[in-house]
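Participant: Below you'll find the structure I mean.
In my numbering, the protein residues as written are 29 to 145.
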């Protein structure tokens with residue numbers, strides 16, 4: 029277990045886990061913009077992911093895979109308007125986007141990533 033590092037570990041989950049050269053984040057949701065627009069929540073979440081990746085010794089150019097959960101798939105273009113500005117266009121990850129009922133109605137977006145270090 030010494031080769032596993034947990035970031036933001038709590039009683040139920042960690043915000044990220046690093047093992048070897050891989051970084052796995054939990055699904056990130058917006059707290060400051062909870063209840064706000066999909067664009068605002070996406071922007072906040074991507075900022076959180078940037079912070080987690082930096083703490084883990086990685087960056088968005090090294091993201092391998094992303095799963096995006098939207099509470100309403102009709103907001104896909106709004107989410108993409110923020111994603112397209114943020115994503116490293118030279119190193120775009122594999123990505124899946126699905127509609128899902130999130131833990132609370134105030135959350136409209138949740139994003140989880142897997143990255144290399």
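We put the beta carbon where it would ideally sit given N, CA and C, even for glycine.
For residue 37, which three-state DSSP category applies?
Facilitator: As a working note, residue 37 is residue 9 in the chain shown. Here residue 37 sits in coil by DSSP.
Participant: Is it buried or exposed for residue 127, if we count other Cβ within 10 angstroms and need 16 for buried?
Facilitator: Taking the chain shown and counting its residues from 1, one reaches residue 127 at position 99. Residue 127 is exposed by the Cβ-count criterion.
Participant: Kindly indicate which three-state DSSP category residue 56 falls into: helix, strand or coil?
Facilitator: In the chain shown, counting from the first residue as 1, residue 56 sits at position 28. Three-state result, residue 56: strand.
Participant: Of the residues 36, 102, 84, 57, which one's Cα is nearest the Cα of residue 71?
Facilitator: Position 43 of the chain shown, counted from the start, is the residue given in the question as residue 71. The residue with the shortest Cα to Cα distance from residue 71 is 57.
Participant: Along the alpha helix (DSSP H) that carries residue 130, what are the first and last residues, could you check?
Facilitator: As a working mapping, residue 130 is identified with position 102 in the chain shown. No alpha helix (DSSP H) contains residue 130, which DSSP labels as neither H nor E.
Participant: Round the Cβ separation of residue 66 and residue 41 to the nearest angstrom and send it over; I've been treating them as touching at under 8 Å.
Facilitator: Taking the first residue of the chain shown as 1, we reach residue 66 at position 38. Taking the first residue of the chain shown as 1, we reach residue 41 at position 13. At roughly 24 Å, the Cβ-Cβ gap does not stay under 8 Å, so residue 66 and residue 41 are not in contact.
Participant: At the 8 Å Cβ level, is residue 50 part of the contact set with chain C, yes or no?
Facilitator: Going by chain labels, chain C is absent from the structure shown, which holds only one protein chain.
Participant: State the start and end residues of the unbroken alpha helix (DSSP H) segment that holds residue 96.
Facilitator: By 1-based counting over the chain shown, the position of residue 96 is 68. Per DSSP, residue 96 belongs to no alpha helix (DSSP H); it is in the beta strand (DSSP E), 91-98.
Participant: Can you tell me whether residue 113 is buried or exposed? The criterion is at least 16 other CB atoms within 10 Å of its CB, across all chains shown.
Facilitator: The count along the chain shown starts at 1 and reaches residue 113 at position 85. The residue in question, residue 113, is exposed, as its Cβ has fewer than 16 Cβ neighbours within 10 Å.
Participant: Please state whether DSSP places residue 113 in a helix, a strand or coil.
Facilitator: On the chain shown, position 85 is the one that residue 113 refers to. Correct three-state label for residue 113: helix.
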